[in-house]
Amino acid sequence: MRKVVCTAVVLFLTLECICLATSDSAFITNGECQQTEVFLWQKNVSISADCDCPPNFIALISEDKKPTFCIMLTKPQIWSNVCISTGTTDDYYEVTVRERAAINSYLRKVNVTKFWISVQRESVYDPPLKKLPGRKWGLPLDFEEDYDLEITKKSSGNCLMTSIDHNYSAATFVDCNDNYPHLCVYKRSTMLRLHCPSGSYTTRYSDFQEYCFNIVKSSHNVWSTYGLFDVDSHRKYQLYQNLASETDIKCESTIIQSNLTYQIQQAFLNAKPDEENVFYYAAMRSDGTMALTKEFDCIAYQNKSQPCYCNTPELKLNFDRIHKKLLLIIYQGQNLWRESSKDVGVVCYTDGDTELLKAVGIKRKIWPPQHDRDAEYNKEQEIYELKLYGDFPGYYWCEGHNVINFTLIKSDRIIAQKKESDVHIYSILLEVMDFDQDNFWQKNNLKRLMKDYTEYLKTYGNERINQLASMIKGMQVMKIEHIDKPSQKITIIVHVAARYSANTIHLNSVREDEICTACENTVAEHYRLKNALKFIFEETSSEIYHFKGINSTEMCLPQDAYDSLKWPAARIGQTIAPLELCLIEASGLPLTRKCAGDRTYGGVWQQNHDFYACSKTVKKHTLQLFNYTEIPVNVAEMGQVMGEIEHVMDSAADMIPADLFYISKTMNNLRSALLNNGSNNVALIDNNRERCYCDIAGILNRVMYMNESVVLRSQVALNTTNILLDSTDDIINRISVVNSTVDFLRGDNLNCFDELGQQFKTDSILEKRRGTILFKTPRLILLVVDPFVSGISGLAITKAKGIYEETNSTDTSFDLYETRLIAADEDENEIIMEENLEIAAYVPAPLLEKISMLNEHIGDENGTNQNVLRIVISVYFNDNIFKETTNGTILRANGKIISVTIPSYSSDLPGEIPIFIRDHDRNQTSSCGYWNFEPDDNEVMPKWSFGGCKFAHQHEGIMLCKCSHLTPFSRLCMDIQHIESDNVLQKFIGERNIFTLDVITFIGSALSLMGVFGIFITAFLFPTWRQTAHSKILLQLSLAITFELIIIFLDGPDINYNDQSGRIQCTLLGGSFHYIILVTFMWMLVIAYLQFLRYVKVLGRLRPSRFILKASLFSWGLPLVPVIVFTAVDYTLYHKQDNISDICYPHGVALYYGLLLPIAVIILVNMASFLLIIYYVFRVPSNLTRSSERDLTLSQVRLSVFLFFLLGLPWIFGMMITIGAGKIFSYLFCITAPLQGFILFVYFIIMNPMARKFWCSRCSRNELAKSNIDMPLK
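With the sequence shown counted from 1, adding 36 to any position gets you this note's numbering.
As structure tokens, this is what we get:
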């Protein structure tokens, strides 16, 4: 039988054409691994050792029981990290002497002596970093101490190029844009588990990583050949051999898939027809041969796993301030590339130790627990505790690579430190002379440098200096700024840790600045300590150590802001307002200043270069809100302060951005006062807890009623809503975990807008549930529960029956909604089918158990377990507080927003909570997401994000999302946002010198109105004049200009947008404004056409028949189209964006596409016509006399000026202003554009001979009549 099979195989192979794969032109190395399976069926075939290498590699050393040693060499190219996708973790400098000799021999053979290796540095003065995946990714390399590769001193770039001379190797940093071949080394086993399930493997390199391969024992049943290991090439043959060596299963005959199986079997049946009903499988035998067989004991599979972006790994660092632990949370960690199953797949770093960059070790795995039966499932989320290093606070971050494409995955950089310390950190710029070390970035050299400098300060011969220097507790080099090798001078950034000592400061009487006499204690300490350190370093400066400057790494201090206003201290990245009330009238915002810089260089105030003038007119309610920020806070009076804020918000007709900022600042002050002395202060409001909750809910509720643009502008300028959310959440969370709240959670449901304590009348909650309390306002619902007392862990909001049949205009608050408490053991599939469900969330019982278990795991070491577990759920009616602050494409909420928090617990969960949300606009493509904001990170503005949230399924418009962290959640859709921080008039007149430009504009508009009025009087008095064609067109343009000026004077901030009638009036005015401006420009376009016919075309018919009628229909009719379209689509586009200084005018897409775009097109056409007319008019005939030429020139100049105004070309200056061209264009526009009506009167009436003649005759008759009346009788 076997002989017949082999004969059939040989018969088939003689009919096949063998084609060898061509090598990739981008590589010098050409592997000899065949890409055909034909030879595999011949017993005498030998598989090239190159098949045991990744594609484009060649084997240099191949030994039994050892991985094949392979290399890849590209053709010359700029430096790029081509070796990453090969999965290698080894580089040229890490190989053995024998391996390096083999590499050098091959390189000389192909005439390559210089080549790239995978080493790069961030800058000239930073250490070289390894750029290969694995446990050493991105870590500093010490070639002098650890590797036999000399780094030459000559350096011209940041990428490492290696050169060989016989067997001697050296490396030099050169420009990364230079062209050299890139060398990759490969000497590891090919098969890794990576993302595959237990017992399955994939390739170390990116090719084939979309597959998982495995071999299993078989009971001689093969139900389908789909998914069998496909041996279709020599490389796949070698992969099978590698797979077999990794598994513990012993197989004699393993079923595989081969494209030639069918053809070979047909050849066999032709050779022996009596075996027609026998089916043979392709099999791999234990001796490495392939054959057709009926008997087998194993099956080899390859299953393709489609890459999914929702399964992309995510790394998140969280410094748990409660337990003082640094936690690494890995989502979808099974998709991280890792060297072994024990490897985490992540490398973490810090600059908080004595080295410039240090690897951070993993202290222990917290989640999932080792004994967890569902550990395989729970690998979607893993939590590790990282080690903390050094005594200084430092940045920590982590990086890893995604499977399949080796995409770099990064966490955010966060600041953490080993323990809370009373030391303050300052950054100093220091020059050190006579520093002759070559590898200056190495940790030993940097330690020696700081040791020498510390010793220098301690032994400095000045008792006062020595006493002050005793406050210094440590110094650390953070960055090398510059090295001047000829003078052996190095400039470095040094962090100095110092502990404040009042006695030391007082005894040595360091100079103090009067500006900090009213500072808080902590700020005053910072300030005095900085002055003391500055005094030390200035006094000890010498030829060796030269001090150049000092900044705090935590904040910008008050004395550093050199202007007439007093500024409080600000954290780095924070934007603040002065201590005095200083409002910028045009924006409604306080004057601001930002603390720039970073933790490495320290904080530095940004200078305010713009001219500013504090408004002299401040509304009463703004002054009240500002005063609350200045009043010392008494925790016992928190309720009274918040109640007064609510009263101010209710009574103020027009809130401005500054009002919201002062509210958020006051709430932040209340939070600080509440937490100042720990839980004792919380106890002070124990009897007024209901009022505190209601007041907070009431303030947030009123913010959701505020004008959207006011809230957004305040957020953009001062991070206002972020501060407000953080403050109110913190207050609520702190109050909620006080042990006495177990009596407070008595099942009440309070309407905060009714008399305090009155039960909220609703049929949705049939009985009180002890362990819960619910607060309701029109646009915010707040629930606090103890799940272990009440069994409740969530909240559902449903619309009352019949509401869905009503119009959307009635859906403006939660008054039409009902609430229902969700038990922890409820089924999510039943909740999603609940009738009229709008939004809901709950913490399932299994997750609650995991949270308690995780709390124990985290708190075991420090004994900081939290016995009190509360759940706080807030439901927001709209996204007024959750607005992204960037222009362009953004994410916005497409539904109501629900927030779930567990006080005294970090935001990352050991599982997922279900979120049920109904999309507002079902036509929008939406995804599950959360509001991402970090209260301690002032550089990163809050935004909507998708990480940690995924879509599960839907039912009748309700979307079920599942999220693994605690934040506000919603459904998100894409949107285009244009933040208009200035009113429309300012878009055309610029931001500075508003008063001067307003005066110019007013004078010009008045003259223009007088001019068109003069044109109308002329038309009224002289019928013959108004019957001419040019006069009819002039009257049409003058009429449009008149309407435009009238609407400008009618429109403005006096219209109250908050009133319904005001909104209707605003829509009408805005639409009219849009329409009449387009009409004006249409008539300018018509005039441009007529002038073109008159001066350029000249010959032929100058005016078509019935031109006036056609022009009127065109100019008055066409502008109706965009106005009607935008009004129908969204009439709110014509509403005011705020009540400060904006006007009823097109905004958003109506402004950009409905107004500015048509204006720009018309201006371009008119400009082209203007240039053509000027060209033809200025061509002077050759037969003119000098006097005639002078008269012609004057006429040409007059015509040019007239056409410039007539065709609306001053609006070019306005268009320049919109793109930020400069102040000069603001003045040019304000001087020229408003004068159009006046110029028309001058040219068409005063300078027109016919009109002058009419007026002269009219005046002559009047004089004659007057003479006749005054003549005495004879």
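The beta-carbon is built from N, C-alpha and C at its ideal position, and this holds for glycine as well.
Practice task
Could you tell me whether the stretch 679–698 touches the stretch 747–759, where touching means 3 or more Cβ pairs closer than 8 Å?
Solution key: Segments in contact, yes.
Handout entry: beta strand (DSSP E) runs contained entirely in the stretch 917–945, provided each spans 3 or more residues
Key = The stretch 917–945 contains, as complete beta strand (DSSP E) runs of 3+ residues, the segments 924–929 and 933–937 (chain order).
Exercise for the section: Would you kindly check if the distance between the Cβ of residue 88 and the Cβ of residue 293 is under 8 Å? Expected result: When the beta-carbon positions are compared, residue 293 and residue 88 stay at least 8 Å from each other.
Problem - Through-space distance from residue 262 to residue 338, alpha-carbon basis - result: Here the alpha carbon of residue 338 sits roughly 9 Å from the alpha carbon of residue 262.
Practice task
Round the Cβ separation of residue 691 and residue 731 to the nearest angstrom and send it over; I've been treating them as touching at under 8 Å.
Solution key: Contact between residue 691 and residue 731 is ruled out by a C-beta separation of about 18 Å, above the 8 Å threshold.
Handout entry: Collapsed DSSP secondary structure at residue 948 in the structure displayed
Key = DSSP places residue 948 within a strand segment (E or B) once states are collapsed to three.
Practice task
Alpha carbon to alpha carbon, how far is residue 449 from residue 726? Give it in angstroms, no decimals.
Solution key: Cα to Cα, residue 726 sits roughly 39 Å from residue 449.
Problem - Any non-hydrogen atom of the ligand FMN within 7 Å of residue 1243 CB - result: Although the ligand FMN was asked about, the structure shown includes no ligands whatsoever.
Exercise for the section: With DSSP as the reference, label residue 844 as helix, strand or coil. Expected result: Legend: pLDDT at residue 844 = 45, less than 50; position of this residue unreliable, no value from coordinates given.
Problem - Simplified DSSP assignment, three categories, for residue 594 - result: The DSSP-derived three-state label of residue 594 is helix.
Exercise for the section: Count the other C-beta atoms from every protein chain shown that fall within 10 angstroms of the C-beta of residue 964, then say buried if there are 16 or more, exposed otherwise. Expected result: Buried, because 16 or more other Cβ atoms sit within 10 Å of the Cβ of residue 964.
Problem - CB contact flag (residue 619, residue 650, <8 Å) - result: Contact annotation: residue 619 and residue 650 have beta-carbon atoms nearer than 8 Å.
Practice task
Could you check which residue in 1067, 1048 and 806 has the C-alpha nearest to that of residue 1080?
Solution key: The residue from 1067, 1048 and 806 with its alpha-carbon nearest to that of residue 1080 is 1048.
Practice task
List the endpoints of the continuous beta strand (DSSP E) containing residue 734.
Solution key: That residue, residue 734, is in no beta strand (DSSP E); its alpha helix (DSSP H) goes 725–739.
Practice task
Have a look at the DSSP bridge pairing and note the partners of residue 967.
Solution key: 980, per the DSSP bridge assignment.
Exercise for the section: Out of 1059, 1280 and 1239, state which residue places its alpha-carbon closest to the alpha-carbon of residue 1294. Expected result: Between residue 1294 and the set 1059, 1280 and 1239, the nearest pair of CA atoms involves 1059.
Handout entry: Between the CA atoms of residue 1109 and residue 814 - distance to the nearest angstrom
Key = Distance between the alpha carbons of residue 814 and residue 1109: 35 Å.
Practice task
Assess, as a yes-or-no matter, whether the stretch 1208–1215 is touched by the stretch 1177–1191 under the definition of 3 or more beta carbon pairs within less than 8 Å.
Solution key: No, because fewer than three Cβ pairs between the stretch 1177–1191 and the stretch 1208–1215 fall closer than 8 Å, the two stretches do not touch.
Practice task
Just the C-alpha distance for residue 861 and residue 883, rounded to the nearest angstrom, thanks.
Solution key: When only Cα atoms are considered, residue 861 and residue 883 end up about 10 Å apart.
Handout entry: Closest by C-alpha distance to residue 109, when choosing among 174, 98 and 217
Key = Out of 174, 98 and 217, 217 has the C-alpha closest to the C-alpha of residue 109.
Handout entry: C-alpha distance - residue 664 paired with residue 676, whole-angstrom precision
Key = Answer to the nearest angstrom: the Cα atoms are 11 Å apart.
Exercise for the section: Could you tell me whether the Cβ atoms of residue 251 and residue 336 are closer together than 8 Å? Expected result: The criterion of a C-beta distance shorter than 8 Å is satisfied by residue 251 and residue 336.
Handout entry: Which residues DSSP lists as bridging residue 1106, in chain order
Key = DSSP output for residue 1106 lists no bridge partner at all.
Handout entry: Segment limits, beta strand (DSSP E) that includes residue 1001
Key = For residue 1001, the enclosing beta strand (DSSP E) begins and ends at 994–1001.
Practice task
Verify the CB distance criterion: does residue 1267 have a CB-CB separation below 8 Å to chain B?
Solution key: Considering every chain present, this structure includes no chain B. It has just one protein chain.
Practice task
Express the C-alpha separation of residue 958 and residue 1151 in angstroms, rounding to a whole number.
Solution key: Each residue's alpha carbon lies about 39 Å from the other.
Exercise for the section: To the nearest angstrom, report how far apart residue 402 and residue 362 are at their CA atoms. Expected result: Rounded to whole angstroms, residue 402 to residue 362 spans 11 Å at the Cα level.
Practice task
Count the CB pairs spanning the stretch 601–619 and the stretch 565–579 that are closer than 8 Å, and state whether there are at least three.
Solution key: Fewer than three Cβ pairs drawn from the stretch 601–619 and the stretch 565–579 lie within less than 8 Å of each other, which leaves the two stretches out of contact.
Problem - Sub-8 Å separation of residue 246 and residue 120 beta-carbons - result: Taking 8 Å as the Cβ cut-off, residue 246 and residue 120 do not qualify as a contacting pair.
Exercise for the section: Evaluate contact between the stretch 520–527 and the stretch 500–511, counting only Cβ atoms and requiring at least three cross-stretch pairs below 8 Å. Expected result: Not touching, per the Cβ criterion.
Exercise for the section: Determine the direct distance from the alpha carbon of residue 831 to that of residue 876, and round the result to whole angstroms. Expected result: Taking the straight line from one Cα to the other gives about 6 Å.
Handout entry: residue 1000 beta carbon less than 8 Å from that of residue 931
Key = No, the pair does not count as a contact, with Cβ atoms beyond the cut-off.
Practice task
Compute the Euclidean distance between the alpha carbons of residue 918 and residue 1148, then round it to the nearest angstrom.
Solution key: Between residue 918 and residue 1148, the C-alpha separation is close to 48 Å.
Practice task
Can you tell me which of the three DSSP states residue 428 falls into?
Solution key: Under the three-state reduction of DSSP, residue 428 is assigned to coil, being neither helix nor strand.
Practice task
To the nearest angstrom, report how far apart residue 1240 and residue 1065 are at their CA atoms.
Solution key: Rounded to the nearest angstrom, the two C-alpha atoms are 21 Å apart.
Practice task
Taking residue 367 as part of the beta strand (DSSP E), name the residues at either end of that continuous run.
Solution key: Unbroken beta strand (DSSP E) run through residue 367: 361–367.
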